[in-house]
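Before any comments, here is the structure.
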Amino acid sequence: MEDYLSEKEKWEWVKVQVRENALAVMLAVVLAVGAVSGWRWWQAHLDAGRLEAGAKYMQTVHALERDERSQAMVLLGELEREHAGSPYTDQARLLAARLYVDSGELDKAAGELAAVAEHSKDQDLAQVARLRLARVQIAQGRPDSALATLNGGPQAGAFAARNHEVRGDAYYAKGDKSAALSEYRSAQVGAEPGAETTLLGLKIADLSTDAPARATAARSTPPGARK
Numbered sequence: 135m136e137d138y139l140s141e142k143e144k145w146e147w148v149k150v151q152v153r154e155n156a157l158a159v160m161l162a163v164v165l166a167v168g169a170v171s172g173w174r175w176w177q178a179h180l181d182a183g184r185l186e187a188g189a190k191y192m193q194t195v196h197a198l199e200r201d202e203r204s205q206a207m208v209l210l211g212e213l214e215r216e217h218a219g220s221p222y223t224d225q226a227r228l229l230a231a232r233l234y235v236d237s238g239e240l241d242k243a244a245g246e247l248a249a250v251a252e253h254s255k256d257q258d259l260a261q262v263a264r265l266r267l268a269r270v271q272i273a274q275g276r277p278d279s280a281l282a283t284l285n286g287g288p289q290a291g292a293f294a295a296r297n298h299e300v301r302g303d304a305y306y307a308k309g310d311k312s313a314a315l316s317e318y319r320s321a322q323v324g325a326e327p328g329a330e331t332t333l334l335g336l337k338i339a340d341l342s343t344d345a346p347a348r349a350t351a352a353r354s355t356p357p358g359a360r361k
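Numbering (the numbering used here), first residue to last: 135 to 361.
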């Protein structure tokens, strides 16, 4: 239609459109500016939170380096209260668990590790916490709980070898040496060379050496004497 209008008519038409749509256009502009400003504010807020959480985490590490455990625990508590969803808080919980293990407070250590295993957004940290929690549960004399904890996480991937080894430890604690040996051998397949594989090899050698002796003893024991 505009091709058939005169210049004056076109100008009049433009003014009418501006009058009729000015409010909507201005509102759209305001909303767009507000959205951008809000996004920038939120990003700045997140960045400030990350910086604060990171700084508090480093203060915690330094307190531990100075052997100021009480101060470290205060800082850990502040991190958990003020930055519950931060990966720095997950790391702090792992630190706290280590402190509790060192002092023999296994229940508290299990609580910290369970929190990371269940709630961390970082799957690698969650799996590290799960493996450590299983070890703590074995130390508590709860191998069945340890197996349940391990079953709740991924069974493959980068943590598969360690998962098998800790499962082996749990079965060993239960007295099921055959299952323990099977898990240790599975762990050995995917393990990378190092100190951990040396220890794993010793576990396998010990159970492999013990297996024939157990079999011989079982054959030589009268059926009525076996339990």
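Cβ atoms here follow ideal geometry from the backbone N, Cα and C, with glycine treated the same way. Values in this document were obtained by computation on a predicted structure and should not be read as measured data.
Helix, strand or coil at Gln274 according to DSSP, with G and I counted as helix = Note: Gln274 maps to coil in three-state DSSP.
key: Assigned exposure category for Gln225 - 16 Cβ within 10 Å defines buried   = Gln225 is buried by the Cβ-count criterion.
message = Can you give me the C-alpha to C-alpha distance between Ala273 and Lys308, rounded to a whole angstrom?
response = Cα-Cα distance, rounded: 12 Å.
request  = For Ser279, I'd like the list of residues in its chain whose CB is within less than 6 Å of its CB, leaving aside the five on either flank, ordered along the chain.
outcome  = Closer than 6 Å at Cβ, skipping near neighbours: Gln271.
Neighbourhood of Ser171 by C-beta distance below 8 Å, restricted to the same chain and skipping five residues each side = In this predicted model, Ser171 has a pLDDT of only 47, less than 50, meaning its place in the structure is not dependable; the value taken from the coordinates is given anyway. No residues qualify anywhere along the chain.
key: Length of the line joining the Cα atoms of Ala351 and Thr332   = The predicted position of Ala351 is uncertain, since its pLDDT is 41 and thus under 50; no value can be drawn from it.
query = Can you find at least 3 beta carbon pairs, one from the region 216-223 and one from the region 233-248, that sit closer than 8 Å?
reply = A contact between stretches requires three or more CB pairs, one per stretch, nearer than 8 Å, and the region 216-223 fails this requirement with the region 233-248.
Where Val323 falls, given that 16 or more other Cβ within 10 Å makes a residue buried = The residue is exposed, with fewer than 16 neighbouring Cβ atoms inside 10 Å.
ask   = Looking at Val250 and Leu229, is the spacing between their C-beta atoms short of 8 Å?
value = No; because the gap between Cβ atoms is not below 8 Å, this pair is not in contact.
ask   = Rounded to a whole number of angstroms, what is the C-alpha to C-alpha distance between Gln257 and Asp310?
value = Taking the straight line from one Cα to the other gives about 30 Å.
inquiry  = Assuming contact is defined by CB atoms lying nearer than 8 Å, are Val300 and Leu284 in contact in what I supplied?
reply    = In contact: Val300 and Leu284 (Cβ atoms closer than 8 Å).
ask   = Can you give the Cα-Cα distance for Ala359 and Pro277, rounded to whole angstroms?
value = Its pLDDT being 45, under 50, Ala359 is placed unreliably in this model, and the coordinates cannot settle the point.
key: Per-residue DSSP class, three states only, for Trp173   = Per-residue confidence for Trp173 stands at a pLDDT of 42, beneath the threshold of 50, marking its modelled position as unreliable; the derived number appears in the next sentence. Helix.
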